[in-house]
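What follows is a single structure, written as structure tokens, with notes after it.
Numbering (UniProt numbering), first residue to last: 1 to 66.
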């Protein structure tokens, strides 16, 4: 396991991890402030959290009414 972690090129992986984290934080903050959704509010929370990177993108495209 340690050999796998050491073999990862972190200069390539780190930006994706940062982008994913920022995207999730922004999506959860928007979800918390929003009043109207396309679908159930709780469902969008699980989509954002469980689907990690693609979940917030799906939320911003399809979940918001604005």
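Don't be surprised by glycine CBs; every beta carbon is placed ideally from N, CA and C.
Contact under 9 Å by Cβ, residue i with residue j
{"i": "residue 68", "j": "residue 56", "result": "Because the chain spans 1 through 66 in this model, residue 68 falls outside it and cannot be assessed."}
{"i": "residue 31", "j": "residue 38", "result": "no"}
Exposure of residue i, with buried meaning 16 or more beta-carbon neighbours within 10 Å
{"i": "residue 63", "result": "buried"}
{"i": "residue 23", "result": "buried"}
{"i": "residue 47", "result": "buried"}
{"i": "residue 44", "result": "buried"}
Candidates the options, of which the one nearest residue i by Cα
{"i": "residue 20", "options": "11, 54, 42 and 39", "result": "54"}
{"i": "residue 88", "options": "39, 37 and 28", "result": "Since the displayed the chain opens at 1 and closes at 66, residue 88 lies outside it and no answer follows."}
{"i": "residue 36", "options": "60, 51, 15 and 14", "result": "60"}
Residue range of the unbroken alpha helix (DSSP H) whose run includes residue i
{"i": "residue 45", "result": "41–50"}
{"i": "residue 24", "result": "10–33"}
{"i": "residue 55", "result": "54–58"}
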